[in-house]
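Chemist:
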Amino acid sequence: MHRTKILDHVILLIGVFIMVAPVVVAFMTSTHEAADIHSNGLSLTWGGHFAETYKAVLTREGGFTGKITGFNMMLNSMILGLGFAAGKIVLSMLAAYAIVYFRFPLATFAFWIIFTTLLLPLEVRILPSYEVMNALKLTNTYTGLIVPLLASATGTFYFRQFFKSVPDELLEAARIDGAGPFKFFIDVLVPLSRTTMAAIFIIMFVYGWNQYLWPTLMTTDEGFFTLVRGIKQILLVWVGSNIPDYNEAFALAILAMLPPVMIVVIFQRWFIKGLTESDK
Amino acid sequence: MSHAGHSSSPSPLTRGEVSAADDGTLRPSAKAGRRWPAGWMTGSSGDRMDQAGAKRVQFSSPFLPYLFLAPQLAIIFIFFYWPSAQAIQSSFYLEDPFGFGSTFVGMSNYADVLKSNEYLGIARFTAVFTVLVTFFALSIGLLLAVKADGVIRGNSGYKTLLIWVYAIAPPVAGLIGMMFFDQHIGPIVKLAAWFGWDIKVGLDYFDTAFAMIVVSVWKQIPYNFIFFLSGLQGIPVSVREAAALDCRSGTRRFWTVVLPLLAPTAFFLLIINVTYALFETFGVIDVMVKDKAANNPITLVYKVYMDGFRGNDLGGSSAQSVILMAVVFVLTIFQFRFIERRVHYN
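Residue numbers (numbering that gives the first Met the number 0), protein chains in the order written: chain W, 0 to 279; chain Z, 0 to 345.
#1: With Gly69 (chain W) and Leu257 (chain W) assumed to form a contact (beta carbons below 8 Å), what rounded beta-carbon distance in angstroms separates them?
#2: Please compile the residues from chain W whose C-beta is within a distance smaller than 8 Å of the C-beta of Arg55 (chain Z).
#3: Output the distance between the C-alpha atoms of Ala150 (chain W) and Gly176 (chain Z), rounded to the nearest integer angstrom.
#4: Leu41 (chain W) lies in the beta strand (DSSP E); which residues open and close that run?
#5: For Val130 (chain Z), which of Z:Ile151, Z:Ser107, Z:Val216 has the nearest alpha-carbon?
#6: Can you grab the Cα-Cα spacing for the pair Gly154 (chain W) / Lys87 (chain W), in whole Å?
#7: Under the rule that 16 or more other beta-carbon atoms within 10 Å means buried, what is Thr116 (chain W), buried or exposed?
#8: Glu122 (chain W) touches chain Z at which residues, Cβ-Cβ below 7 Å?
#9: Can you name the residues of chain Z whose CB is closer than 9 Å to the CB of Gly14 (chain W)?
#10: Listing by chain order, which chain Z residues have their CB less than 9 Å from the CB of Lys182 (chain W)?
#11: Report the three-state DSSP secondary structure of Glu60 (chain W) (helix, strand or coil).
#12: Note down, in chain order, every chain Z residue with its Cβ under 9 Å from the Cβ of Ala33 (chain W).
#13: Is the shortest distance between the beta-carbon of Thr274 (chain Z) and the beta-carbons of chain C less than 8 Å?
#14: Going by alpha carbons, who is nearest to Leu274 (chain W) out of W:Ala197, W:Lys182, W:Thr140?
#15: By the DSSP assignment, the beta strand (DSSP E) with Glu94 (chain Z) in it spans what residues?
#16: Mind pulling the chain W residues with CB within less than 8 Å of Ser83 (chain Z)?
#17: Report the three-state DSSP secondary structure of Thr280 (chain Z) (helix, strand or coil).
#18: Could you tell me the alpha carbon to alpha carbon distance between Leu12 (chain Z) and Ile234 (chain Z), rounded to whole angstroms?
#19: Can you give me, in chain order, the residues of the stretch 160–181 of chain Z that have a beta carbon less than 9 Å from any beta carbon in chain W?
#20: In its own chain, which residues sit with a C-beta less than 7 Å from the C-beta of Phe114 (chain W), not counting the 5 before and 5 after it?
#21: Hey, how far is the Cα of Gln57 (chain Z) from the Cα of Phe200 (chain W)?
#22: Per DSSP, Ser101 (chain Z) is paired with what?
#23: Ends of the alpha helix (DSSP H) at Gly120 (chain Z)?
#24: Chain W partners of Asp206 (chain Z), CB-CB under 9 Å?
#25: Just tell me which of W:Gly47, W:Leu212, W:Ile10, W:Leu41 has its CA closest to the CA of Asp181 (chain Z).
#26: Taking just the CA atoms, how far does Ala84 (chain Z) sit from Arg159 (chain W)?
#27: Distance check for Ala325 (chain Z) and Arg228 (chain W), CA to CA, integer angstroms please.
#28: Excluding the 5 residues flanking Val321 (chain Z) on each side, which residues of the same chain have their C-beta closer than 7 Å to its C-beta?
#29: Identify, in the order they occur along the chain, each residue of the same chain with its Cβ nearer than 6 Å to the Cβ of Thr195 (chain W), setting aside the five sequence neighbours on each side.
#30: So with Cβ pairs under 8 Å, would you call Gly315 (chain Z) a contact of chain W?
#31: So what's Ile67 (chain W) in DSSP terms, helix, strand or just coil?
#32: Is DSSP giving Ser6 (chain Z) helix, strand or coil here?
#33: Does DSSP put Asn103 (chain W) in a helix, in a strand, or in coil?
#34: From the beta carbon of Val260 (chain W), is the nearest beta carbon of chain Z less than 8 Å away?
#35: Can you tell me whether Phe62 (chain Z) is helix, strand or coil according to DSSP?
#36: What separation, rounded to the nearest whole angstrom, lies between the Cα atoms of Phe278 (chain Z) and Gly307 (chain Z)?
Shown next as structure tokens:
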């Protein structure tokens, strides 16, 4: 019995090592100088050049046009993450409210229209989506970056599920007190949904921040690049150079993962709840 | 609706939480393993599909519900239905490369795609890639979840350390992977050289595929871990105790009691992992291949992207999109039918 427990811990520690070590190495290596990395390889020790590298990555103007900084990209990522999460919550709460709390002829039809979006991920319709965005003149705008990603049902179902678990008595009581649909929504449902909203917000922020394919298509103007989208540009610039800026590439990777990782670690409980009960 | 649990229940990782349905039957991981909204399945509990909402009391208003639905529906129509219809339409046309209109060519785009050896080769690679990524990500996730469920000391520490990689975007994972497989500085390359294997990612087809699979699996382990752990912890204490009394061997108990109870979670994850390997690995592949698909392995989605955006072949790319749509569609229908049967397996 005792021995199997030790074996369990060994397996878990190997698992933790595999999951954590690459990122620790990436971080440690990012604090070394590029030439140092080039001759000595990746590193597990502190290199002492943390401040220079990260300052350079955040503030130096780079890219082909020479006007985008790491800080700009971080800001764009933030706009995408927050905009997507907020948009998702507003849209899906309203839609779920209509479906659960109203009796109207087209309810089932609306439900199916929304439901169908679960069947096809964005990836299978990238080119036509791009054409539509072109027709609407939305490429290289924040609207074009965020809004099309909102066209899915996931949040709506989560809120629908939650609203259905809210006791019917609340609505009965509210109606006896003379509350209309707006008052009930704002004074009763929204306060009740706070935990649900937080869970959804975390999942959606991480999802939005980590978008890659859509921003790659939608933004050709470097002013709109997100950190995650900028990764490939960094790699492309590297291909020709003698001593690649390994340190800066790693620093950029660390910056690109920092906000979502922090959020997942800090709000782990809500995150897991949101994830296992809604799937995205 | 009883089968799917309610989202108001406490955190799914609370140990020993009983997820037995109201009638006392056990439906252990239906809660964790749910992609479908409850009520979508016309199930055992008399939930009627013609009533998407389920409130005894409802507001009735001639225009308010439409007002609330309008933003969501507008976005779905413009950014989902319109492009999807467009994809289907342009898959039957041949676009003039200089932008002077297009000609109807019937099924010939499909025929071209399906007859192309290159496409079939990519399809074959995609299949192998998907099977390997799904298999390894699922089994490692399950192994870690079972072990984490078994230990008491350090449980939450392990949990945090094992799930946080979930928050890393695929291309970022790809970038880190590239470094570990780098010709000059990559430790994995050095390790492999020690065994006489000269890894050349980006040059050698097999080596690139290997690196892609390793990175894709690494990125997906946390997701599977979370769901398996949540499924395991949803198994009621009473069932565990009964199983422990009946069966002393931990290994046998795992195969005969725990795994069958996890089956719905596992199936749900199977579909999610297949979808992940097909679509979400785009970032990993793009970072590793860097637009030079020539001798490198790529997946079908990457091919759609290359043909559409690099090759400007609208018709062919659309036909490929529609083929992929069909694949996803079949997959989802399959999932729905299977889950419907599996969740009520008792």
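Just so it is clear, CB atoms sit at the ideal spot from N, CA and C, and this is done for glycine as well. Quick caveat: nothing in here was measured; it's all calculated off a predicted structure.
Modeler: This is what the structure gives:
#1: Position 70 of the first sequence, counted from the start, is the residue given in the question as residue 69 (chain W). Position 258 of the first sequence, counted from the start, is the residue given in the question as residue 257 (chain W). With a Cβ gap of about 12 Å, Gly69 (chain W) and Leu257 (chain W) do not count as contacting.
#2: For this step, residue 55 (chain Z) is matched to residue 56 along the second sequence. Under the 8 Å cutoff, chain W gives Asp167.
#3: Within the first sequence, the letter at position 151 stands for residue 150 (chain W). Within the second sequence, the letter at position 177 stands for residue 176 (chain Z). The straight-line gap from Cα to Cα measures roughly 32 Å.
#4: Counted from its first residue, the first sequence places residue 41 (chain W) at position 42. That residue, Leu41 (chain W), is in no beta strand (DSSP E); it is neither H nor E in DSSP.
#5: Translated into positions along the second sequence, residue 130 (chain Z) becomes position 131. Nearest of Z:Ile151, Z:Ser107, Z:Val216 to Val130 (chain Z), Cα basis: Z:Val216.
#6: Translated into positions along the first sequence, residue 154 (chain W) becomes position 155. Translated into positions along the first sequence, residue 87 (chain W) becomes position 88. Each residue's Cα considered, the two are about 7 Å apart.
#7: Sequence index remark: in the first sequence, residue 116 (chain W) carries index 117 (1-based). Thr116 (chain W) is buried by the Cβ-count criterion.
#8: Walking along the first sequence from the start, residue 122 (chain W) turns up at place 123. In chain order: Phe278, Phe281, Val300.
#9: On the first sequence, residue 14 (chain W) is found 15 positions in, with the first residue counted as 1. By Cβ distance, chain Z contributes Ile139, Leu142, Leu143, Lys146, Ala147, Tyr157, Leu160, Leu161, Ile220, Phe224.
#10: The residue given as residue 182 (chain W) occupies position 183 in the first sequence. Result: empty, since nearest Cβ-Cβ is about 11 Å, beyond 9 Å.
#11: Working through the first sequence from its first residue, we reach residue 60 (chain W) at position 61. Coil, per DSSP.
#12: Reading the first sequence from its first residue, position 34 is the one you call residue 33 (chain W). Chain Z residues near Ala33 (chain W): none, gap ~11 Å exceeds 9 Å.
#13: Among the chains of the structure shown, chain C does not appear; the protein chains present are W and Z.
#14: Taking the first residue of the first sequence as position 1, residue 274 (chain W) is located at position 275. Minimum Cα distance to Leu274 (chain W) is reached at W:Ala197.
#15: If you number the second sequence from 1, residue 94 (chain Z) lands on position 95. Glu94 (chain Z) -> beta strand (DSSP E) spans 92–94.
#16: Position 84 of the second sequence, counted from the start, is the residue given in the question as residue 83 (chain Z). Under the 8 Å cutoff, chain W gives Leu119, Arg124, Pro127.
#17: As a first step, residue 280 (chain Z) is located in the second sequence; it is residue number 281 there, counting from the start. In the structure shown, Thr280 (chain Z) sits in coil (DSSP, three-state: anything other than H, G, I, E or B).
#18: As a position in the second sequence, residue 12 (chain Z) is number 13, starting the count at 1. As a position in the second sequence, residue 234 (chain Z) is number 235, starting the count at 1. With a pLDDT of only 37 at Leu12 (chain Z), under 50, the local geometry of the prediction cannot be trusted, and the value read off the model is given with reservation. If I take the Cα positions, the gap works out to 11 Å.
#19: Leu160, Leu161, Ile162, Trp163, Val164, Tyr165, Ala166, Ile167, Ala168, Pro169, Pro170, Val171, Ala172, Gly173, Leu174, Ile175, Gly176, Met177, Met178, Phe179, Asp181
#20: Counted from its first residue, the first sequence places residue 114 (chain W) at position 115. Hits under 7 Å: Ala152.
#21: Position 58 of the second sequence, counted from the start, is the residue given in the question as residue 57 (chain Z). Position 201 of the first sequence, counted from the start, is the residue given in the question as residue 200 (chain W). If I take the Cα positions, the gap works out to 28 Å.
#22: On the second sequence, residue 101 (chain Z) is found 102 positions in, with the first residue counted as 1. Z:Glu94.
#23: Position 121 of the second sequence, counting from 1, holds the residue named residue 120 (chain Z). Gly120 (chain Z) -> alpha helix (DSSP H) spans 116–149.
#24: Along the second sequence, one-based indexing puts residue 206 (chain Z) at 207. Near Asp206 (chain Z) there are no residues of chain W at all, since even the closest Cβ is about 18 Å away, more than 9 Å.
#25: Within the second sequence, the letter at position 182 stands for residue 181 (chain Z). Considering only alpha carbons, the answer is W:Leu41.
#26: Here residue 159 (chain W) refers to the residue found at position 160 when the first sequence is read from its first residue. Here residue 84 (chain Z) refers to the residue found at position 85 when the second sequence is read from its first residue. Whole-angstrom Cα-Cα distance: 28 Å.
#27: The count along the first sequence starts at 1 and reaches residue 228 (chain W) at position 229. The count along the second sequence starts at 1 and reaches residue 325 (chain Z) at position 326. Distance between the alpha carbons of Arg228 (chain W) and Ala325 (chain Z): 29 Å.
#28: Taking the second sequence and counting its residues from 1, the one referred to as residue 321 (chain Z) is at position 322. Cβ within range, chain order: Ala86, Ile87, Ser90.
#29: Here residue 195 (chain W) corresponds to residue number 196 of the first sequence, with the count starting at 1. Here the set comprises Phe161.
#30: For the purposes of this step, residue 315 (chain Z) is taken as residue 316 along the second sequence, with counting starting at 1. It does not: the Cβ of Gly315 (chain Z) has no partner Cβ on chain W nearer than 8 Å.
#31: Along the first sequence, one-based indexing puts residue 67 (chain W) at 68. Ile67 (chain W): strand per DSSP, three-state reduction.
#32: Counted from its first residue, the second sequence places residue 6 (chain Z) at position 7. Reliability of the predicted coordinates at Ser6 (chain Z) is poor, the pLDDT of 37 falling under 50, and the value obtained from them is presented with this limitation in mind. Ser6 (chain Z) falls in the coil class under three-state DSSP.
#33: Counting from one through the first sequence, the residue named residue 103 (chain W) turns up at place 104. Going by the sequence as given, residue 103 (chain W) is Phe instead of Asn. Of the three classes helix, strand and coil, the one that applies to Phe103 (chain W) here is coil, per DSSP.
#34: On the first sequence, position 261 is the one that residue 260 (chain W) refers to. Taking Cβ atoms only, chain Z reaches closer than 8 Å to Val260 (chain W), which makes this a yes.
#35: For the purposes of this step, residue 62 (chain Z) is identified with residue 63 of the second sequence, where counting begins at 1. Reduced to three states, the DSSP call for Phe62 (chain Z) is coil.
#36: Along the second sequence, one-based indexing puts residue 278 (chain Z) at 279. Along the second sequence, one-based indexing puts residue 307 (chain Z) at 308. If you take the alpha carbons of Phe278 (chain Z) and Gly307 (chain Z), they lie about 16 Å apart.
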